[in-house]
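Here the working numbering is used: the first residue of the sequence shown is 159, the next is one more, and so on.
To start, the structure under review is shown below, and the notes come after it.
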Amino acid sequence: MQGTLVNAVAVVVGSLVGIFLRGRFPDRVKSIVFQGIGLVTLFIGFQMAMKTGNLVVLF
Numbered sequence: 159m160q161g162t163l164v165n166a167v168a169v170v171v172g173s174l175v176g177i178f179l180r181g182r183f184p185d186r187v188k189s190i191v192f193q194g195i196g197l198v199t200l201f202i203g204f205q206m207a208m209k210t211g212n213l214v215v216l217f
């Protein structure tokens, strides 16, 4: 239950920060940040896929 509350608070705080900082960053910075988040997501997904012992799940 504690994790759910922490996640909810993080989402609300992140949303408020996004609303207040909207438009203050150049498009180049936004693009770099989105690409970085995408690469981190791919890396975490790849690591999790390699940890599985059931190859049927992968394919």
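For each residue, glycine too, the CB sits at the ideal point set by N, CA and C.
Item, Value
"Using the C-alpha atoms, what's the distance from G181 back to K209?", "40 Å"
"From the DSSP output, in three-state form, read off F201 for me.", "helix"
"Which residue marks the beginning of the alpha helix (DSSP H) containing L163, and which one marks its end?", "Q160 to F178"
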